[in-house]
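When the letters of the sequence shown are read in order and numbered with the UniProt record's numbering, they come out as residues 1 to 88.
Right, one structure below, let's go through it.
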Amino acid sequence: MSYTMAGRRVLITGASSGVGAALARRLAAQEAVVGLIARRRDRLDEVLADCRRTSPQSAMWAADLGDTSAAGRLALQAWHTLGASTYW
């Protein structure tokens, strides 16, 4: 049984470094549309540039999800930008 990520939409928190960044790059390489969230905009810019090479619809948001009011707004923005995410 084969499984493809192509065209699936995935929202990844902690995407500016470590496992989150590696996962974002891996999924984008498989043509998933990735939404990236993290606090460090400079690092997010780098990860997004890598992801957009194979997944040009990918997007990012610099935010601190510890701020619960910002988290709700961010979820709405991600929904409108990416459409319904396959995975959150």
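Cβ coordinates follow ideal geometry from the N, Cα and C atoms, glycine included.
Note that the coordinates shown come from a computational prediction; the quantities given were computed from them, not determined experimentally.
Taking C-beta separations shorter than 6 Å and ignoring five residues to either side along the sequence, the partners of T81 in its chain run A59, following chain order.
Within its own chain, the residues whose Cβ lies closer than 8 Å to the Cβ of A70, once the five positions on either side in sequence are excluded, are A63 and D64, listed in chain order. Of the residues R73, G66, G72 and R8, the one whose Cα lies closest to the Cα of V34 is R8.
Cα atoms of Q57 and D67: separation of roughly 26 Å, rounded to the nearest angstrom. Residue burial annotation: V10 is buried, with at least 16 other C-beta atoms found within 10 angstroms of its C-beta.
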